[in-house]
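Note that the protein sequences, when read in sequence, are chains A and B.
Under my numbering, think of the first position of the first sequence as 1, with each following residue one higher.
Under my numbering, think of the first position of the second sequence as 1, with each following residue one higher.
2 protein chains.
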Amino acid sequence: MDRLSATFAALADPTRRAILARLAKGEAAVGELAKPFSISLPAVSRHLRVLQAARLIERRVDAQWRLCRLRAEPLAQAADWLDAYSRFWEGRFDSLARYLEKTQPKSRRNKR
Amino acid sequence: MDRLSATFAALADPTRRAILARLAKGEAAVGELAKPFSISLPAVSRHLRVLQAARLIERRVDAQWRLCRLRAEPLAQAADWLDAYSRFWEGRFDSLARYLEKTQPKSRRNKR
DNA sequence: CGGGCAATTGACTTATTGGTTAAATAACGT
DNA sequence: ACGTTATTTAACCAATAAGTCAATTGCCCG
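What follows is the structure, encoded as structure tokens:
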């Protein structure tokens with residue numbers, strides 16, 4: 001699966017988005033991440049595996065804890081993709097057309 | 001499924017993203033949308049159904065053609081979500097923290 | 001009317017997802 | 001070494017996704 005698809009797929013689950021929101025406040029262990037949810041710990045563990053595969057989190061071991069922290073770079077790529085379409089909903093159609101012409105090579109970082 | 005999840009899920013497929021890219025250049029019928037892909041017409045029809053359910057496209061009938069056009073509003077919502085995290089990857093952590101406080105009043109403070 | 005193009009629907013297959021419980025692994029603190 | 005805590009893995013299940021081909025629907029036109 002390509003990187004952008006993996007990112008969007010990872011974000012398509014509210015539990016995973018909630019986990020990212022929690023991690024935005026700082027590193028946390030699996031058990032703590034699981035607390036707000038009614039699902040089992042293995043289920044959370046799998047969600048974390050998905051987030052890690054999409055490179056949205058990184059993990060490190062500290063004694064018996066696996067600490068997770070947010071890696072937001074893939075989100076930047078997704079934001080770039082959406083930014084192109086912002087030109088559409090803002091009515092700057094030709095600008096989007098130009099972006100899409102170039103979008104085959106590579107997308108670049110920018111700010112909204 | 002909530003709106004944001006539906007949007008991200010719809011975007012998590014490269015075929016669907018390519019269809020949106022094509023539609024950004026203007027309305028098109030199903031047959032024309034299908035041309036660049038090696039998959040069958042029913043498969044494309046199903047992708048369009050997903051995009052429509054996510055409200056990323058609208059359809060209208062013109063004689064024997066079903067014309068599709070881009071509706072970018074749901075993308076704006078997704079972009080808003082990502083924008084919050086842009087504060088993270090740009091290093092403005094406390095700004096993101098404030099955003100998340102407002103967005104998810106329910107989340108509890110980290111103790112560790 | 002009947003033929004043909006456009007698109008969808010139906011029936012089916014296969015793979016993936018998200019969840020479960022139970023067992024295994026790993027590190028800690030006696 | 002032992003029991004406790006933290007987390008993952010294994011095995012399984014139900015639902016969904018993405019594709020196929022065949023049949024159907026809807027519309028146009030000679």
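In this text, a Cβ means the ideal position worked out from N, Cα and C, and glycines have one as well.
Worksheet item: If contact means a Cβ-Cβ distance below 7 Å, which residues of the stretch 19 to 38 of chain B contact chain A?
Response: Along the stretch 19 to 38 of chain B, the positions whose C-beta sits under 7 Å from a C-beta of chain A are ALA21, ALA24 and LYS25, read in chain order.
Worksheet item: Less than 8 Å separating the beta-carbons of PHE8 of chain B and ALA76 of chain B?
Response: Against a cut-off of 8 Å, the Cβ pair of ALA76 of chain B and PHE8 of chain B comes out as no contact.
Fill in: ASP83 of chain B: first and last residue of the uninterrupted beta strand (DSSP E) it sits in
First-last for ASP83 of chain B: 73 to 89, but that is the alpha helix (DSSP H), not the beta strand (DSSP E).
Worksheet item: Which partner residues of LEU67 of chain B appear in the DSSP bridge assignment?
Response: Beta-bridge partners assigned by DSSP to LEU67 of chain B: B:ALA29 and B:ARG60.
Worksheet item: Do you know offhand how far ARG108 of chain B's Cα is from LEU23 of chain A's?
Response: For ARG108 of chain B, the predicted structure reports a pLDDT of 40, less than 50, and the residue's modelled location is therefore unreliable. A value from the coordinates is still provided. In this structure, the alpha-carbon of ARG108 of chain B lies about 12 Å from that of LEU23 of chain A.
Worksheet item: Taking a cut of 8 Å between CB atoms, which residues from the stretch 69 to 82 of chain A lie near chain B?
Response: Listed by position, the residues of the stretch 69 to 82 of chain A near chain B (Cβ gap below 8 Å) are LEU70, ALA72, GLU73, LEU75, ALA76, ALA78, ALA79, TRP81 and LEU82.
Worksheet item: Does the separation of the CB atoms of LEU113 of chain B and ARG17 of chain B fall below 8 Å?
Response: In this structure chain B extends from 1 to 112, so residue 113 of chain B is not present and cannot be described.
Fill in: Rounded separation between GLY26 of chain B and ALA54 of chain B - CA only
If I take the Cα positions, the gap works out to 19 Å.
Discussion item. Between SER40 of chain B and chain A, is any beta-carbon pair separated by less than 8 Å?
Written reply: With 8 Å as the cut-off, SER40 of chain B does not count as an interface residue toward chain A.
Discussion item. By the DSSP assignment, the alpha helix (DSSP H) with ALA10 of chain A in it spans what residues?
Written reply: Per DSSP, ALA10 of chain A belongs to the alpha helix (DSSP H) from 3 to 11.
Discussion item. Using beta carbons (cut-off 8 Å, strictly below), is LEU11 of chain A in contact with chain B?
Written reply: At least one chain B Cβ lies under 8 Å of LEU11 of chain A.
Fill in: Cβ neighbour criterion (16 or more within 10 Å) applied to LEU41 of chain A
Around the C-beta of LEU41 of chain A, fewer than 16 other C-beta atoms lie within 10 Å, and the residue is accordingly described as exposed.
Discussion item. Counting only beta-carbon separations shorter than 8 Å, does LYS106 of chain A have a partner in chain B?
Written reply: At LYS106 of chain A the pLDDT is 43, less than 50, meaning the model places this residue with poor confidence and gives no usable figure here.
Item to complete: Tell me, please, whether the CB atom of TRP65 of chain B is closer than 8 Å to any CB atom in chain A?
Response: Not one beta carbon of chain A lies nearer than 8 Å to the beta carbon of TRP65 of chain B.
Practice prompt. Reducing DSSP to helix, strand and coil, say where ALA21 of chain A ends up.
Written response: Here ALA21 of chain A carries a helix assignment [DSSP, helix/strand/coil].
Fill in: Pair within 8 Å by beta-carbon distance, LEU56 of chain A and ARG66 of chain A
Their beta carbons are not under 8 Å apart, which means LEU56 of chain A does not touch ARG66 of chain A by this criterion.
Worksheet item: What number of angstroms, rounded off, separates the C-alpha of THR15 of chain A from the C-alpha of ALA28 of chain A?
Response: Whole-angstrom Cα-Cα distance: 15 Å.
Worksheet entry | Within chain B, the residues that ASP2 of chain A reaches when beta carbons sit closer than 9 Å | Chain B residues near ASP2 of chain A: PRO14.
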